[in-house]
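Number of protein chains: 2
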Amino acid sequence: MKLKYAVVGTGALGGFYGGMLAHAGNDVHFLFHNDYDFVCKNGLKVDSVLGDFHLRNINAYNNTNQMPKCDVVLVCLKTTNNALLRNILPPLIHSETCVILVQNGLKAERELAEFFPDLSIAGGLAFICSNKVGKGHILHLDYGKITIGSFQKENRELLEQVCKDFITSKVPAEFSSNLKESRWKKLVWNIPYNGLSVVLNTTTEQLMNHTKTYELVRDIMFEVIGAANACGVKIEKGFVQEMLDSTRIMKPYAPSMKLDFDNKRPLEIGAIYSAPLAEAANYGFNMPKVTMLERQLRFIQDSYLK
Amino acid sequence: MKLKYAVVGTGALGGFYGGMLAHAGNDVHFLFHNDYDFVCKNGLKVDSVLGDFHLRNINAYNNTNQMPKCDVVLVCLKTTNNALLRNILPPLIHSETCVILVQNGLKAERELAEFFPDLSIAGGLAFICSNKVGKGHILHLDYGKITIGSFQKENRELLEQVCKDFITSKVPAEFSSNLKESRWKKLVWNIPYNGLSVVLNTTTEQLMNHTKTYELVRDIMFEVIGAANACGVKIEKGFVQEMLDSTRIMKPYAPSMKLDFDNKRPLEIGAIYSAPLAEAANYGFNMPKVTMLERQLRFIQDSYLK
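Taken in order, these protein sequences are the chains called F and X. Each residue of the first sequence is one higher than the one before, counting from 106 in my numbering. Each residue of the second sequence is one higher than the one before, counting from 106 in my numbering.
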């Protein structure tokens with residue numbers, strides 16, 4: 106069976122993942138917002154370490170009402186736009202459609218399930234350095250693996266098919282039998298690097314090169330692991346050193362929140378900070394450093410938004 | 106007995122406190138650095154909420170070797186310059202001289218005592234909004250009280266005389282019988298406001314006006330009080346609300362560390378952060394938020410120094 110894909114939010118992530126699927130011959134339908142007119146004329150350009158390509162004829166839309174119902178919907182919006190999903194998704198959905206939230210943080214699937222209690226919902230975690238550098242133009246710098254796990258309804262078979270499609274399209278992909286664990290593990294990286302790169306206006310490389318921020322990143326990682334463990338998600342302490350080492354050899358990279366900050370966009374504070382803090386607090390676990398980071402970020406965001 | 110005063114470091118603090126003493130007719134001798142030539146020609150100008158004045162003929166020096174021995178030395182340098190004291194002080198000192206360190210933080214007296222084990226040493230705490238706004242020009246905006254306490258050798262009688270001289274000169278002054286407590290109490294204010302105003306590039310007013318930073322300031326204050334109590338210095342929790350309320354009604358003010366940051370000068374991280382952290386650690390007390398702030402400040406300072 107050949108799956109029909111929708112990509113909701115064709116930016117750094119959606120442009121890359123959807124682009125790779127389409128480039129390999131899959132049936133992919135892309136929702137654009139600001140770039141719609143440009144892409145209709147010029148197509149979608151992906152400059153990737155895996156090889157550059159240009160999709161001149163692309164199934165582009167600026168409204169989901171014009172789109173076909175799809176088997177798989179890859180939601181690649183920022184979580185700060187998730188309030189839109191309630192109206193955006195229905196035209197794309199048939200009885201078997203699975204919606205995969207390729208997003209950061211902890212609460213997106215749960216919030217979506219409140220509005221769509223019968224929908225097949227999954228989460229996707231992108232381990233990738235990718236930026237949108239211009240209209241219809243994605244620059245994929247490093248990594249690229251996507252991990253997909255089920256949140257609601259039995260959809261493992263479909264998700265494994267999606268992983269196969271990705272792999273056939275040269276994108277490393279893996280099914281996770283424990284989405285909650287995968288999300289917490291990603292937070293171990295996201296929480297220190299995203300927030301500190303904004304608060305200290307710097308890069309992952311600079312954070313790693315100064316003893317004091319290296320120690321701070323490390324201690325925040327331990328705090329996140331402590332919270333995960335308190336919430337019943339077992340992550341070994343050794344995972345911290347793994348994350349530090351793999352960041353050390355990463356190309357100098359501005360985390361997505363830093364790019365949002367530089368472009369004066371809303372920051373994903375809710376998904377990456379407030380939701381894990383609330384989850385940990387539910388289990389009686391206190392995260393003083395993450396609490397402090399969340400407060401600093403709220404202050405910074407409010408100093409330029411509205 | 107009329108006391109002879111030396112002021113070492115005639116800036117925002119030394120210029121105000123020494124200036125007030127001299128203006129009231131006390132015998133005061135001022136050490137200048139960059140402003141020496143200017144002050145010899147133009148005198149010292151103090152614009153103060155207590156009344157402006159201009160000391161046209163001032164005992165100005167640029168080297169303590171030319172200065173007389175004094176009964177009281179008011180050290181008003183930043184703690185970041187304290188390595189200089191070993192060479193600066195000896196010409197000023199007779200057998201009864203008391204050196205009062207009018208400085209921030211926790212460790213200055215102890216460090217000085219290591220080099221001068223027989224010296225009469227005291228600490229001074231300035232509760233003041235005062236800035237140096239130009240060569241030989243001090244702007245005193247608000248408050249002004251100085252608290253003085255003994256650190257080493259019996260010098261209470263002399264310090265009470267100093268307080269009287271200040272009061273006669275219209276400067277509120279008080280002898281503290283517990284310098285350690287006074288220093289910790291001042292840290293309750295200094296630790297949150299100095300650091301956060303640098304890290305978030307803002308003012309005390311903005312920190313108070315945003316719910317998240319208000320909560321952060323408050324929680325850091327509780328952490329500092331916890332550390333003080335662990336170190337055997339009893340401070341009531343109610344002191345936090347007192348500090349918050351009095352800051353709320355302060356004129357918008359950039360803490361001294363923010364001014365140092367804006368002018369790309371070294372920050373007093375050692376005195377205000379590292380020393381209290383080390384002291385608390387000695388007593389087995391952990392300060393996660395203050396630790397995080399110290400690390401953020403070290404990173405920021407090192408990004409512009411050398």
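Virtual Cβ for every residue (Gly too), placed ideally from N, Cα, C. The structure displayed is predicted, hence computed values, not measured ones.
- Boundaries of the beta strand (DSSP E) around F/Ala165: 164-166.
- Exclusion of the five residues before and after F/Glu399 leaves Gly300, Ile374, Tyr378, Ser379, Leu382 as the residues of its chain whose Cβ lies within less than 8 Å of its Cβ.
- Judged by DSSP in its simplified three-state form, X/Tyr388 adopts coil rather than helix or strand.
- Ranked by Cα distance from X/Phe221, the options X/Gly210, X/Gly120, X/Cys203 are led by X/Cys203.
- With contact defined as three or more Cβ pairs closer than 8 Å, the segment 258-269 of chain F and the segment 134-142 of chain F are not in contact.
- With three or more CB-CB distances shorter than 8 Å, the segment 297-312 of chain X counts as touching the segment 346-359 of chain X.
- Within the segment 399-411 of chain F, contact with chain X at the beta-carbon level (separation under 8 Å) is assigned to Glu399, Arg400, Gln401, Arg403, Phe404, Ile405, Asp407, Ser408.
- F/Glu320 reaches chain X at Arg400, counting residues in chain order whose Cβ is nearer than 7 Å.
- In this structure F/Phe404 is in contact with X/Thr318, their Cβ atoms being roughly 5 Å apart against a cut-off of 8 Å.
- Comparing C-alpha distances from F/Asn334 to each of F/Leu246, F/Gly389, F/Thr308, F/Gly148 shows the shortest one belongs to F/Gly389.
- Within chain X, the residues whose beta carbon sits less than 8 Å from that of F/Val304 are Val304, Leu305, Gln401, listed in sequence order.
- For the segment 167-200 of chain F, the full-length alpha helix (DSSP H) segments reaching 4 residues or more read 190-193 along the chain.
- Against chain X, a Cβ distance below 7 Å from F/His315 picks out Phe404, Asp407.
- Going by C-alpha positions, F/Ser361 is about 12 Å away from F/Phe232.
- Taking a beta-carbon distance threshold of 8 Å, X/Met355 does not count as an interface residue toward chain F.
- Residues of chain X whose Cβ lies closer than 7 Å to the Cβ of F/Lys394 are, in chain order, Pro393, Met397.
- When DSSP reads this structure, F/Gln401 sits in no beta bridge, so it has no partner.
- Boundaries around X/Thr252 are those of the beta strand (DSSP E), 242-257, since no alpha helix (DSSP H) includes it.
- For F/Gly375, there is no enclosing alpha helix (DSSP H), as DSSP marks it with neither H nor E.
- In the displayed model, F/Cys203 falls within a strand according to three-state DSSP.
- Annotation for F/Val338: no alpha helix (DSSP H) segment contains it, and DSSP assigns it neither H nor E.
- Residue state for X/His138 is assigned as coil, using DSSP reduced to three classes.
- In chain order, Leu382 place their CB closer than 7 Å to the CB of X/Thr396, counting only its own chain and leaving out the 5 sequence neighbours on each side.
- Taking C-beta atoms under 8 Å as the contact rule, F/Leu206 and F/Leu217 qualify, at a distance of about 7 Å.
- Beta bridge pairing from DSSP links X/Gly228 with X/Leu206, X/Gly254.
- The C-beta distance from F/Val178 to F/Leu194 rounds to 7 Å, short enough to fall under 8 Å.
- From the listed residues F/Asn164, F/Ala213, F/Asn186, F/Ala165, the smallest Cα separation to F/Leu284 is found for F/Ala213.
- Closest in C-alpha terms to F/Ser255, from the list F/Asn387, F/Asp247, F/Val238, F/Glu279, comes F/Glu279.
- Secondary structure note for F/Ala127: its alpha helix (DSSP H) is the uninterrupted segment 117-128.
- Going by C-alpha positions, F/Gly229 is about 58 Å away from X/Leu118.
- Put simply, of F/Glu384, F/Met106, F/Leu244, F/Ile354 the residue whose alpha carbon is nearest the alpha carbon of F/Arg215 is F/Glu384.
- Counting only the Cα atoms, X/His315 lies some 22 Å from X/Phe366.
- With 16 or more other Cβ atoms inside 10 Å of its own Cβ, X/Ser153 counts as buried.
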